[in-house]
Every structure is written in C-alpha cells, then in structure tokens.
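K.L.:
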Amino acid sequence: MYFLPLIIFLSIIILISAVFIVKQQTAAIIERFGRFQSIRHSGLQFKIPLVDRIAGKLSLKIQQLDVLVETKTLDDVFVRLKVSVQYKVIKDKVYDAFYKLDYPHDQITSYVFDVVRAEVPKMKLDDVFVKKDDIAIAVKSELNDAMIEYGYDIIKTLVTDIDPDSQVKEAMNRINAAEREKIAAQYEGDAQRILIVEKAKAEAESKRLQGQGIADQRREIARGLEESVEVLNKVGINSQEASALIVVTQHYDTLQSIGEETNSNLILLPNSPQAGSNMLNDMVASFAASNQIGEAMKKAKDKKKNDGEA
C-alpha cells in the first residue's frame, strides 16, 4: 500500500515518455539501444519507453548559409565575396543527412571556398561583377554533385555581395567620375556646336530673306519706273529725258523726306538750288553721248564685218 503512489507516479512518467510530438516540416530519428530504428514525421508519435530514444531532429525547411570568401582576381585585386547557399534536407534521405555528416555547414563552406577560389582568379575585377551569376552557377553545380550523396539538396546559390579593397573602390569611383565628366563635356561640346550651327543657319536664312526682300523691292521700283517712262513717252517725252526727269523727281522727293525728319543727321550732297537742274542737264548729256558712242561702235562693227566678207 505504501508503494502504490510511487508505482502510479512511475507509470504516468513512463506513459508520458512513450508519447512525443514531431512538428511540421521536421523529421525525428528514433534509435533503439543505440541502433537506428525509424524516422518519424510530423504528428503524434509513440515509442517504447526506456528502449527507444529520440537521437535527433532535422528540419526539412529550406535553410540558408552565408559564406564570406576572400580571394584574388586575375588583375591581382583582393576581393571579398558573400555567397548565400539555400539548401534543404531531402525527405527521403534523412538517414544519410543525419548519420553521414556531423557538420554540414562546414562541409558546404569548404566546397564554396574551393569553387570560388578556383573561378574568381580567372576573371578580372570588372568581370567578377558582370559574371557573378556564372560564379553562383558553378558553386551550385559543385555543391549539388557533392551534397546529394549526403541527403542535402542545393536549391540556389547567390553571390549577394562583392567587396573589393577600399583603395580599389576609391580608384573605381574616380574612374567612373572621370568617365562621366568626359561624357558631360562631350555633350556640352555637341550642344555648343549645334547652337553655333543653328545660329549660322538662322543668320543665313535671315540674309537670304533680306536679300530676297531687297530684290523684290528693286523689282517693284524698276516696274514703277518702267510704267512712269511709258506714261511720259505717251506725251512726247523720249526715254532718256523721261529717265532724267524721274531721277530729278526722286531727288526732290528725297529732300522732302529728309525735311520731314526733325532729328535726322543725314547730309545730302550736292544740295544747292541749281543741283537738280545741273543733274538733269548732266544726265541728258550723258545719255546723248552714250547714244553717239553706241552708234559709232555699231557702224565700226558693221564696216569691219563688210570688209571681212569682201
């Protein structure tokens, strides 16, 4: 009677020890007297008390291991790479994952070091940044081949950071800044050149339009003079006298226009009272002399032509 509570208490403890719970995405390894017995997955599980024991548990979730590797590139630059390895235990190979490797993290880290230090020395520093995916693929391929035997599946490998020496980074930044300043100077030069060209085109177009305007103005003046000469010819004034009269008329029109401007500094020479009469006489005499010279030259040309035919 005195031992009954003790027996009940021990029975409860033994019963409790026979029941255990395995969480979701977890595998429990059961050993019996130190020898592998079974693998239990999520849910309520039972074992023989004092005979079976839980040797360990493995997570079946995807895990990540970050590995920092320092190595040298082809152009002798030391660089630190951060390689993130995402892996998980294969559900059907829990036995291998638990019993074949004591420290899987160390195993994965060793393979990452080996692959990175084999691949990066083949590349220049700039190529390391460009081809980081190639490095990640090489690491994943090597790890898959090695770790599949131990029950681990390599999901993905990523090169998440590339950190050269601080002096190298400063030099790269200076090169980048100088390159951008060079491009900016080229753009500024191109902009100035375009501005000069467009300004020259605008000036040329302005001159063309200005010349066209002057030509149109002179054309209209000539047309007006032609009409004036025709009107004067109808009243018995010949073309020479009509031209002289038109010039004198324009002379007096100019004087009138100058007189209407109070702030004009223009001086018209000659400006004597008899200037218009003298101009008319001189122009008529010039036209007469020009006609005489023209007739003489025509007669000389005809005489020469006749002598040649004879």
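Residue numbers (UniProt numbering): 1 to 310.
Ideal Cβ placement from N, Cα and C applies to all residues, glycine included.
Are the segment 110 to 127 and the segment 47 to 59 touching, with three or more C-beta to C-beta distances below 8 Å?
P.N.:
With the cut-off at 8 Å, the segment 110 to 127 and the segment 47 to 59 do not touch.
K.L.:
Shortest alpha-carbon distance to serine 166 belongs to which of Phe129, Val77 and Val69?
P.N.:
The candidate whose alpha carbon is nearest that of serine 166 is Val77.
K.L.:
On the criterion of 16 or more Cβ atoms from any shown chain inside 10 Å, does tyrosine 87 qualify as buried, or is it exposed?
P.N.:
Buried is the call here.
K.L.:
Taking the beta carbon of alanine 136 as the centre, do at least 16 other beta carbons fall within 10 Å, making it buried, or is it exposed?
P.N.:
Answer is buried; the Cβ neighbour count reaches 16.
K.L.:
Can you give me the start and stop residues for the alpha helix (DSSP H) that glutamate 142 sits inside?
P.N.:
Per DSSP, glutamate 142 belongs to the alpha helix (DSSP H) from 132 to 147.
K.L.:
By DSSP's criteria, residue 354 is part of a beta bridge. Which residues make up the other side?
P.N.:
The structure shown does not extend to residue 354, since the chain is modelled only from 1 through 310, so no value can be given for it.
K.L.:
For alanine 55, which three-state DSSP category applies?
P.N.:
Here alanine 55 sits in strand by DSSP.
K.L.:
Determine, using beta carbons only, whether isoleucine 48 comes closer than 8 Å to chain D.
P.N.:
Absent here is chain D; the protein component of the structure consists of one chain.
K.L.:
If you reduce the DSSP assignment to three classes, tell me which class serine 84 lands in.
P.N.:
Strand, per DSSP.
K.L.:
Specify the secondary structure class of glutamine 24 as computed by DSSP and reduced to three states.
P.N.:
In this structure, glutamine 24 counts as coil in the three-state DSSP scheme.
K.L.:
Which same chain residues, not among the five before or five after threonine 109, have their C-beta less than 8 Å away from its C-beta?
P.N.:
The answer, listed in chain order, is Leu65 and Val67.
K.L.:
Taking the alpha-carbon of isoleucine 140 as reference, which of Gln63, Ile62 and Ile154 has the nearest alpha-carbon?
P.N.:
The question names isoleucine, but residue 140 is lysine in the sequence shown. Looking at the Cα atoms, Ile154 is the closest of the given residues.
K.L.:
Give every residue of the same chain whose Cβ lies closer than 8 Å to the Cβ of aspartate 161, excluding the five residues on either side of it in the sequence, and list them in chain order.
P.N.:
Correct list, in chain order: Arg80, Leu81 and Lys82.
K.L.:
Alpha carbon to alpha carbon, what distance is there between asparagine 176 and tyrosine 99?
P.N.:
Going from the Cα of tyrosine 99 to the Cα of asparagine 176 covers about 53 Å.
K.L.:
As a quick exercise: from Asn291, Ser59 and Ala289, pick the residue whose alpha carbon is nearest that of tyrosine 152.
P.N.:
Ranking Asn291, Ser59 and Ala289 by Cα distance to tyrosine 152 puts Ser59 first.
K.L.:
Taking DSSP as the reference, what is the three-state secondary structure of phenylalanine 98?
P.N.:
Helix.
K.L.:
Whose C-alpha, out of Glu203, Asp133 and Ile214, is nearest the C-alpha of residue 322?
P.N.:
The requested residue 322 is not part of the displayed model; the chain covers only 1 to 310.
K.L.:
First and last residue of the beta strand (DSSP E) that includes phenylalanine 33?
P.N.:
Per DSSP, phenylalanine 33 belongs to no beta strand (DSSP E) and is neither H nor E.
K.L.:
Given this structure, state the Cα-to-Cα distance separating glutamate 149 from aspartate 96, to the nearest angstrom.
P.N.:
If I take the Cα positions, the gap works out to 8 Å.
K.L.:
Under 8 Å between the Cβ atoms of phenylalanine 46 and alanine 28?
P.N.:
Cβ atoms of phenylalanine 46 and alanine 28: not closer than 8 Å.
K.L.:
What are the uninterrupted segments assigned as beta strand (DSSP E) that are 3 or more residues long and contained completely in the segment 143 to 227, given in chain order?
P.N.:
Complete beta strand (DSSP E) runs here, min 3: 152 to 164.
K.L.:
Over the uninterrupted beta strand (DSSP E) stretch that includes lysine 72, give me the two end residues.
P.N.:
From DSSP, the beta strand (DSSP E) with lysine 72 extends over 63 to 72.
K.L.:
Would you mind giving the Cβ-Cβ distance between phenylalanine 20 and isoleucine 54, rounded to the nearest angstrom? I have them listed as a contact below 8 Å.
P.N.:
About 7 Å; that satisfies the 8 Å criterion.
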